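Asks: So for the sequence shown, this note's numbering puts the first residue at 1; every next one is plus one.
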Amino acid sequence: MDKYVIEGGRPLYGEVEIQSAKNAVLPLLAASVLTDEQVVIRRCPRIADVLNMVQILGELGCKTCFEGDALVIDPAAAANHEIPPALARELRSSVFLLGSVVARFGRARIAYPGGCDIGLRPVDLHLQGLRRLGVDVREEGGSIVCACEGARGAEVVLDCPSVGATENILLASVTAKGSTLIRNAAREPEIVDLQNFLNKMGGKIAGAGTSVIAVEGVPRLHGTEHTPLPDRIEAGTFLIAAAMCGGKLALRGAKSENIASLAHKLREISCKIHAKDDKIYIECVGARRSPKLVETSPYPGFPTDLQAPMTALACICEGSTVIVENLFETRFKHVPELIRMGADITVRGRSAFVRGVPALHGADVCASDLRGGAALTLAAISAEGCSTVVDLGFIDRGYSDFEGKLRAAGARIRRVRV
Ligand code: UD1
1 MDKYVIEGGR
11 PLYGEVEIQS
21 AKNAVLPLLA
31 ASVLTDEQVV
41 IRRCPRIADV
51 LNMVQILGEL
61 GCKTCFEGDA
71 LVIDPAAAAN
81 HEIPPALARE
91 LRSSVFLLGS
101 VVARFGRARI
111 AYPGGCDIGL
121 RPVDLHLQGL
131 RRLGVDVREE
141 GGSIVCACEG
151 ARGAEVVLDC
161 PSVGATENIL
171 LASVTAKGST
181 LIRNAAREPE
191 IVDLQNFLNK
201 MGGKIAGAGT
211 SVIAVEGVPR
221 LHGTEHTPLP
231 DRIEAGTFLI
241 AAAMCGGKLA
251 LRGAKSENIA
261 SLAHKLREIS
271 CKIHAKDDKI
281 YIECVGARRS
291 PKLVETSPYP
301 GFPTDLQAPM
311 TALACICEGS
321 TVIVENLFET
331 RFKHVPELIR
341 MGADITVRGR
351 SAFVRGVPAL
361 HGADVCASDL
371 RGGAALTLAA
381 ISAEGCSTVV
391 DLGFIDRGYS
401 DFEGKLRAAG
411 ARIRRVRV
């Protein structure tokens, strides 16, 4: 197990290259089993969640290899329809494979998926959607078992705009007979990326990015090459890092239109942000004003995945901030750790009340989920004194070389084996 050893208090300067989006790559990997031809994902980040998904593809019978930073998938020999329970429990996105595996093989079996413990995270909407498409879904001893002679298009109305359910239904319907309409679909940019990818494979999908997605089923899909969109959550994490540490950063390859809700909050705090070509620039000097209210909601609202880093930032803003977490029930596990660093926060239900302090101080803290772990790292690099952050396995799920990128920008952070 590794830990970060951090000496805080240095501003950040320079340029950070943004990786491809974790939440785009994972559904693309699931989509790759829909064809028997070669699929290439360029700029594929070697983060733990991706490597786990690649391992699952291998278990299904796909051949995979990295050529530089491109992941080459040959799904021709895929034959297995069972996702091994140990891997399914490693990451929640394994559930996307239900849609694509049942579409390709007519059956699929997966243990209830794992992922970060940030709330109940049910999959009922995924299963309801699959049932609407004619898939027989049963639950057998902790596993979900799907069978289908041939999915048929249908109208699917989601009770809430779930990202994963929207993606799963897309994967199951792209080769179904007839048309599918997904209403109250999630509008995240990663869903647009999945639509673009499936259309490059020969799919006929329109409307992703809006709340109504129309799918005209096609008999088969072919191979393709694709560069996923940049990671707006990684970009947001580095913007918040600059806001906390002070300094001036340029994020290369980031899409400013996908982080508008965060940019709005950072401007309220008094950071200067602008975008030019494929870069986002942030400059933060002097006092930070509290953003008053940060409320998470589905895209294009403030992303729940940036709630923890934003809470860390609010800790050192002048004034008070109310943070409301509307998506996940237990997503405040970073709060007790921030309090160890001198933060003044009270949690009541889904809200955290943060009273700003002039600075955090170093402490030994423990990551307990991916974005919470990133938030603690940002708190430590901006704090006065030394900190350690343990349980880096959570951070490795979603950030490639997080410490290397922070160090290149001037942070004093080392990864050491314990
Ligand atoms: C995806 C992202 C995750 C992000 C989340 C919300 C990926 C791989 N992960 O997760 O990083 O935090 O979107 O932006 O893309 N829900 C149900 N029933 C379901 C499914 C979801 O009630 O069947 C509820 C959830 O409990 C939650 C809300 O819907 O309250 C949103 O969840 P969802 O959009 O499905 O999140 P994920 O796809 O799991």
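For each residue, glycine too, the CB sits at the ideal point set by N, CA and C.
The structure presented is a predicted model; accordingly, all values stated were derived computationally and were not measured.
Which of helix, strand or coil does DSSP assign to A154?
Replies: coil
Asks: Assign H264 to one of three DSSP states: helix, strand, or coil.
Replies: helix
Asks: Using only CA atoms, which one of R417, L306, T388 lies nearest to L370?
Replies: L306
Asks: Figure out for me which residue from N199, R289, C366 has the closest Cα to the Cα of H226.
Replies: N199
Asks: Does any heavy atom of the ligand UD1 sit closer than 7 Å to the C-beta of R92?
Replies: At a cut-off of 7 Å, the beta-carbon of R92 counts as near the ligand UD1: some heavy atom of the ligand is closer than that.
Asks: Looking at C-alpha atoms only, which residue of A241, E268, G203 is the closest neighbour of K405?
Replies: A241
Asks: When the Cα atoms are used, what is the spatial distance from P189 to D231?
Replies: The C-alpha of D231 is placed about 10 Å away from the C-alpha of P189.
Asks: With H, G and I counted as helix, E and B as strand and the rest as coil, what does DSSP make of I182?
Replies: strand
Asks: Would you check if the distance between the CB atom of G385 and the CB atom of G362 is smaller than 8 Å?
Replies: yes
Asks: Using the C-alpha atoms, what's the distance from A70 back to V354?
Replies: 43 Å
Asks: Is it the case that the CB of C44 approaches a heavy atom of the ligand UD1 more closely than 7 Å?
Replies: no
Asks: Hey, is the segment 59–73 in contact with the segment 133–143, meaning 3+ C-beta pairs nearer than 8 Å?
Replies: no
Asks: Okay, do the segment 19–27 and the segment 42–51 touch, 3+ Cβ pairs below 8 Å being the bar?
Replies: yes
Asks: With a cut-off of 8 Å on the beta carbons, I'd call S143 and A31 a contact; round off their distance for me.
Replies: Contact doesn't hold; Cβ gap of about 22 Å is too wide.
Asks: What would DSSP say about H274, mapped onto helix, strand or coil?
Replies: strand
Asks: Drop a sphere of 10 angstroms on the beta-carbon of K3, count the other beta-carbons inside from all chains shown, and report buried for 16 or more, exposed for fewer.
Replies: buried
Asks: Nearer than 7 Å: is that true of the beta carbon of G301 relative to any heavy atom of the ligand UD1?
Replies: At a cut-off of 7 Å, the beta-carbon of G301 does not count as near the ligand UD1: no heavy atom of the ligand is closer than that.
Asks: Within the present structure, is the beta-carbon of F328 separated from the nearest heavy atom of the ligand UD1 by less than 7 Å?
Replies: Under cutoff, so the answer is yes.
Asks: Is E190 near the ligand UD1, with its Cβ less than 7 Å from a heavy atom?
Replies: Because some heavy atom of the ligand UD1 lies under 7 Å away, the Cβ of E190 counts as near it: yes.
Asks: Less than 8 Å between the CB atoms is what I'm expecting for A235 and L251, so what's the real figure, rounded?
Replies: 5 Å
Asks: At which residues does the alpha helix (DSSP H) containing S382 begin and terminate?
Replies: 370–382
Asks: Given a threshold of 16 other Cβ atoms within 10 Å of its Cβ, counted over all protein chains shown, does K204 qualify as buried or as exposed?
Replies: Its Cβ having fewer than 16 others within 10 Å, K204 is exposed.
Asks: Compute the minimum distance between the beta carbon of G209 and the heavy atoms of the ligand UD1, and state whether it is under 7 Å.
Replies: no
Asks: Taking the DSSP output, what are the residues bridged to A176?
Replies: A176 pairs with nothing; no bridge assigned.
Asks: Suppose contacts are defined by Cβ-Cβ distances below 8 Å. Is R414 in contact with V5 by that definition?
Replies: yes
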